[in-house]
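Here it is in structure tokens:
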């Protein structure tokens, strides 16, 4: 059994933002293995985020960013439960990161539900036709799975919450939001955003 001291707990708290007792418990559960403790805290945070998703978010902030050269500007509106969290340093970093991501990725929609049904139907029909031509020798159920896979890519390219986070490609914007909810212990929602590109 590894000796879990206050320095280890404090370092894990600083790195993850999780409460001290949760950090200590995570380190004890994995016998002091640093990476496993971080993963355990991350998973616990995602689980907590799911349980908080229905809570009302009446406070919040609007973040903005103008990219170098003044040709791209973005704004994102975030909602949270309390004014305290709205002014929190982690929330400020989250808002700034989202703005940088928006300036780089320029999504069209917040999430898949915001994409107009006719656009999804048109893309699905196009993908079916394309796959029938490219994979005519494959069974229909395999072709349908291929359509689903390419439709997922379609949403990842256009929908903010589905996009891979530019600072960490291993997670989506929605994963990043859930991690923050787990760390802060309060529901946070990305309400809306806008991207301005000069001349468009």
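Residue numbers (the numbering used here): 232 to 431. The beta carbon of each residue, even a glycine, is placed where N, CA and C say it ideally should be. Remember, predicted model here, so these are calculated numbers, not experimental data.
**Contact set for residue 400: own chain, Cβ-Cβ below 8 Å, skip 5 residues either direction** = In the chain shown, counting from the first residue as 1, residue 400 sits at position 169. Closer than 8 Å at Cβ, skipping near neighbours: no residue.
**Asked** When you compare only the Cα positions, how much space is there between residue 359 and residue 235?
**Response** Against the chain shown, residue 359 aligns to sequence position 128. Against the chain shown, residue 235 aligns to sequence position 4. Each residue's Cα considered, the two are about 56 Å apart.
**Message:** In whole angstroms, give me the CA-to-CA distance for residue 353 and residue 390.
**Reply:** If you number the chain shown from 1, residue 353 lands on position 122. If you number the chain shown from 1, residue 390 lands on position 159. Taking the straight line joining both Cα atoms gives about 17 Å.
**Message:** Measuring CB atoms only, is the stretch 322-329 touching the stretch 409-421, in the sense that at least three cross pairs come out at less than 8 Å?
**Reply:** yes
**Message:** Once DSSP output is grouped into helix, strand and coil, what is the label at residue 260?
**Reply:** Here residue 260 is taken as the residue at index 29 of the chain shown, counted from 1. Residue state, collapsed to three classes: helix.
**Asked** Along the chain, where does the alpha helix (DSSP H) that runs through residue 362 open and close?
**Response** Within the chain shown, residue 362 is the residue found at index 131, counting from 1. That run of the alpha helix (DSSP H) goes 348-365.
**Request:** Take residue 334 as the anchor and find which of 319, 262 and 298 has the nearest alpha-carbon.
**Result:** As a working note, residue 334 is residue 103 in the chain shown. Minimum Cα distance to residue 334 is reached at 298.
**Message:** Give me the residue from 317, 382 and 392 with the minimum Cα distance to residue 350.
**Reply:** Here residue 350 corresponds to residue number 119 of the chain shown, with the count starting at 1. The option with the nearest alpha carbon to residue 350 is 382.
**Message:** Restricting to Cα atoms, I'd like to know which of 261, 262, 242 and 253 is closest to residue 415.
**Reply:** Counting from 1 along the chain shown, the entry for residue 415 is found at position 184. Minimum Cα distance to residue 415 is reached at 253.
**Message:** Considering only DSSP beta bridges, list what residue 425 is partnered with.
**Reply:** For the purposes of this step, residue 425 is taken as the residue at position 194 of the chain shown. According to DSSP, which records beta bridges pairwise, residue 425 is partnered with 306.
**Prompt:** Helix, strand or coil for residue 402 per DSSP?
**Reply:** The residue given as residue 402 occupies position 171 in the chain shown. Strand, per DSSP.
**Request:** Helix, strand or coil for residue 326, going by three-state DSSP, please let me know.
**Result:** The residue you call residue 326 lines up with position 95 of the chain shown. Residue state, collapsed to three classes: helix.
**Asked** Hey, quick one: how far does the alpha helix (DSSP H) through residue 380 stretch, first residue to last?
**Response** Taking the first residue of the chain shown as position 1, residue 380 is located at position 149. Here the alpha helix (DSSP H) through residue 380 covers 371-389.
**Prompt:** Looking only at DSSP bridge pairs, what is residue 410 linked to?
**Reply:** The residue labelled residue 410 in the question sits at position 179 within the chain shown. Answer is none; residue 410 lacks a bridge partner.
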